[in-house]
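Notes for the one structure printed next.
Protein chains: 2
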Amino acid sequence: MNLDLARELSIQNDTKIVLLVIDGLGGLPHRETGRTELESAYTTHLDLLAKASACGFTLPVAPGVAPGSGPGHLALFGYDPLKYAVGRGVLEAVGIDFDLQSQDVAARGNFCTLDDGGLVSDRRAGRISTELCAELVAELRKIRLDGAHLFVEPVREHRFVLVIRGDGLSDAVADTDPQAEGVPPLPARAISREGEATARLVSRFVEEAGRILADKAPANMLLLRGFAKRPEWPSMSEVFKLRPAAVAYYPMYRGLARLVGMQALPTGPGLEDSIATLRENWAHFDYVFIHYKYTDTAGEDRDFERKAAKLEEVDAAIPSLLALEPDVLMVTGDHSTPAVMGVHSWHPVPFMMRARWTRADECGAFNETALRKGSLGTFPAVDALPLAMAHAGRFRKYGA
Amino acid sequence: MNLDLARELSIQNDTKIVLLVIDGLGGLPHRETGRTELESAYTTHLDLLAKASACGFTLPVAPGVAPGSGPGHLALFGYDPLKYAVGRGVLEAVGIDFDLQSQDVAARGNFCTLDDGGLVSDRRAGRISTELCAELVAELRKIRLDGAHLFVEPVREHRFVLVIRGDGLSDAVADTDPQAEGVPPLPARAISREGEATARLVSRFVEEAGRILADKAPANMLLLRGFAKRPEWPSMSEVFKLRPAAVAYYPMYRGLARLVGMQALPTGPGLEDSIATLRENWAHFDYVFIHYKYTDTAGEDRDFERKAAKLEEVDAAIPSLLALEPDVLMVTGDHSTPAVMGVHSWHPVPFMMRARWTRADECGAFNETALRKGSLGTFPAVDALPLAMAHAGRFRKYGA
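Line by line, the protein sequences are chains V and Z. Position one of the first sequence corresponds to residue 95 (the numbering used here), numbered consecutively onward. Position one of the second sequence corresponds to residue 95 (the numbering used here), numbered consecutively onward.
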């Protein structure tokens, strides 16, 4: 559903909607057992919930498309990820809780190694330590540019974020990262006339940085990519008339939530921390997104057993979530991360929604096989929130 | 998926994708047995393949839409058939292996019968023989036009193709075929200013042809329709980074494949010929479309038993196809042609895809009933190639 229609239909009431995102939820069968992660885990509470829910699968972006975390979450927040795209620089900046302002231009940075001929010999500078990264960033912060403020923030290993703040800046600047080795870094070129002043600032920064890093091999240069400004999107409160909050421990998910106007609540690393945070703030919000990360991490590590164990951890927290009696509870993932693949995949993602007016399904359990009997079938993830709004009585009738 | 997104996501690798199109595949139950053609045929290999595949149904164009061969195939090639429409003239020209060039304007021609009053009394001139058609065409080739080359090519019975080649020609010319009898042929009118010069050439041709055909009753006149230029579409190699080939015996399917940039490989009439051609060319291509025609012909002839027998012929060829070990194998049709209807129909088309990362289905056989348990459900045919690309590891992740 597009946001204009959602805005037209949305009304306020006193219901509560909860979205639990189990990151990288969907899986594939284990070669030996023939069972997926969800089918291998003991998930009594999730299975009971499935029996009382409308079930199916979400398609995060489009058939065959494996989404990054950005598109995967934006779709669940009701924002078409093909229309609401986040630039890499912005995602990196919000991903470290950087308070990005509307005039800022952000880029993802890599420390890299140049050989004697000035060609990139390692795009990641041998994955230097996070400590060294922080030291080098401290040096880069000494660079001064006319008419603009610079922020350089370490991320992890060879990664950092560059933010330029000033009036009239543009993100129409091409990557200096050639995305290949054996070639020189690219110059910071403007992609359009608007980008010219910003490209000059970036060139100055790169030049100064080159001088500072010259004797710091393997991190003797840097590469920048994904220049982007914070998008100005309609907020969930304006469109859906919700008071939305995010309970996420990892900065990237808090950042994504803030891009659509959610309040990001401080919380601890475990799901019990998240539910405690939810409980404490229950009165103040009517939409809460809870993020659980560790299933995805296990999937990316190709650790089938750990992913199954993490699913059991989620399962154990379900009763305390239900005790809050949300009017609509959605349990799904932002994408699949089958442990047998070890990467984000395009496979549709298990989904269930418990609410007062859901049709009874015949799914006896919450897994990739059982959910095929679900009444929701495979549907675009961007439609999950509209469905929840309807079930919460928050959509008025369309037309007379 | 639109081609811009496909272009953004596609990467090269050394996998092989095979698409086997069983023309007119889908069917309806036989009045007496209650079983469809696929359910009536003995298709051991297809059934085994279904057990190892992700299954479902494709929707060629839209719900309720029975597609012609053009849209049905273009969708499977990844091109939205509502956006990438082929003019009738072009389809006829490529359908006889005519080497249509970008400046050419092509039209479908019919020999017809005019009565003494100059009204169309038979739009098909009593379906004259193909031999007579060729003789009349030889006469028409004597017509000369200023500033343009004429090509007239016989097709079958009363059908021929007219191609006008010259600089600055346009296809903005209305049909001279009134699509009705008891009325006169229509004049060749321009639809817009660009079409004026071409309309004059067409009028001249029709006038001369009228003189030549005057004493050739029942074929004493001709009707033209579907003036069209060869579309300039992005190629599959540019968009999907594939080296694509077509193994099709019938010219129309080779022509359709060439419109999206496939190389059309010469082959024989049988499926074993096709697979031999595939085998010989295996190293040179990474996407191959194989076309099998005879199921559709049997369906259009309302010959239920022959359609079932032709399905068994396909079934027998499956092992030699599998022996090539394609990374992704899709088996489907371009549309349904239920023998009980005898025409192309709108019914979704059986589909299965075998690849390394498909989710296990519970389909025990390849037919309209069993496939309903498939994990893919009913999905747009235009999404089949994107799905195959994902399964072949040829799509990068979308967004960070």
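For each residue, glycine too, the CB sits at the ideal point set by N, CA and C. If you're wondering where the values come from, they're calculated on a predicted model, not measured in any experiment.
N-terminal and C-terminal residue of the beta strand (DSSP E) that residue i is part of
i	result
residue 354/Z	Looking at the DSSP string, residue 354/Z is not in any beta strand (DSSP E), and its letter there is neither H nor E.
residue 153/Z	148-153
residue 109/V	Premise fails: residue 109/V is in no beta strand (DSSP E) and is neither H nor E.
residue 203/V	199-208
8 Å contact criterion, which residue i and residue j should meet: CB distance rounded
i	j	result
residue 356/Z	residue 383/Z	7 Å
residue 231/V	residue 254/V	5 Å
residue 334/Z	residue 158/Z	Between residue 158/Z and residue 334/Z the Cβ distance is about 29 Å, and since that is not below 8 Å, they are no contact.
residue 104/Z	residue 352/Z	The pair is not a contact, with the Cβ atoms about 20 Å apart (cut-off 8 Å).
residue 317/V	residue 279/V	6 Å
residue 166/Z	residue 477/Z	Going by Cβ atoms, the distance from residue 166/Z to residue 477/Z rounds to 15 Å, so no, they are not a contact pair.
residue 312/V	residue 216/V	6 Å
residue 282/Z	residue 291/Z	Contact doesn't hold; Cβ gap of about 12 Å is too wide.
residue 433/Z	residue 393/Z	5 Å
residue 386/Z	residue 416/Z	Not quite, the Cβ-Cβ distance comes to about 16 Å (not below 8 Å), so this is no contact.
residue 443/V	residue 205/V	Not confirmed; about 35 Å, so no contact.
residue 156/V	residue 175/Z	That belief does not hold up - the Cβ atoms of residue 156/V and residue 175/Z are roughly 17 Å apart, past 8 Å.
residue 389/V	residue 405/V	6 Å
Pick from the options that is closest to residue i, judged by C-alpha positions
i	options	result
residue 92/V	187/V, 329/V, 214/V, 327/V	The structure shown does not extend to residue 92/V, since chain V is modelled only from 95 through 494, so no value can be given for it.
residue 472/V	369/V, 154/V, 338/V, 362/V	154/V
residue 250/V	426/V, 219/V, 442/V, 274/V	219/V
residue 286/V	400/V, 404/V, 267/V	267/V
residue 170/Z	486/Z, 493/Z, 475/Z	475/Z
residue 141/Z	466/Z, 443/Z, 409/Z	409/Z
residue 401/Z	133/Z, 106/Z, 271/Z	133/Z
residue 97/V	392/V, 331/V, 429/V	331/V
residue 425/Z	438/Z, 449/Z, 313/Z	449/Z
residue 145/Z	297/Z, 261/Z, 256/Z, 447/Z	447/Z
residue 181/Z	490/Z, 388/Z, 376/Z, 349/Z	349/Z
residue 160/V	430/V, 465/V, 461/V	430/V
residue 122/V	492/V, 106/V, 461/V, 486/V	461/V
residue 126/V	202/V, 209/V, 398/V	398/V
residue 378/V	99/V, 178/V, 110/V	110/V
Simplified DSSP assignment, three categories, for residue i
i	result
residue 414/V	helix
residue 288/V	helix
residue 138/Z	helix
residue 216/Z	strand
residue 171/Z	coil
residue 279/V	coil
residue 336/V	coil
residue 245/Z	strand
residue 128/V	coil
residue 320/V	strand
residue 160/V	coil
residue 176/Z	coil
residue 296/Z	helix
residue 435/V	coil
Bounding residues of the alpha helix (DSSP H) (the contiguous stretch that carries residue i)
i	result
residue 480/Z	478-485
residue 388/Z	388-394
residue 227/Z	224-234
residue 183/V	182-188
residue 454/V	No alpha helix (DSSP H) holds residue 454/V; DSSP gives it neither H nor E.
residue 101/Z	97-103
residue 371/Z	365-374
Chain Z contact residues for residue i, given Cβ-Cβ distances below 8 Å
i	result
residue 498/V	Chain V is shown from 95 up to 494; residue 498/V falls before or after that span and cannot be answered.
residue 440/V	481, 484, 489
residue 161/V	491, 492, 493
Contact set between residue i and chain Z, taken where Cβ atoms lie within less than 7 Å
i	result
residue 471/V	471
residue 462/V	453
residue 164/V	493, 494
residue 175/V	493
residue 435/V	451
residue 324/V	Ordered by position in chain Z, no residue passes the 7 Å Cβ test against residue 324/V, which lies about 15 Å from the chain.
Chain-ordered chain V contacts of residue i [CB-CB under 9 Å]
i	result
residue 193/Z	Neighbours of residue 193/Z on chain V: none; closest Cβ ~34 Å, over 9 Å.
residue 477/Z	156, 157, 158
Neighbour list for residue i in chain V, Cβ cutoff strictly below 8 Å
i	result
residue 344/Z	What residue 344/Z touches in chain V: nothing, since even the nearest Cβ is about 29 Å away.
Listed by chain order, chain Z residues near residue i by CB distance under 9 Å
i	result
residue 180/V	493, 494
residue 122/V	451, 452, 453, 454
residue 185/V	493, 494
Within chain B, partners of residue i - CB distance below 8 Å
i	result
residue 281/V	Among the protein chains in the structure shown, which are V and Z, there is no chain B.
Contact set between residue i and chain V, taken where Cβ atoms lie within less than 7 Å
i	result
residue 97/Z	Here the premise fails: no neighbours, minimum Cβ distance about 13 Å.
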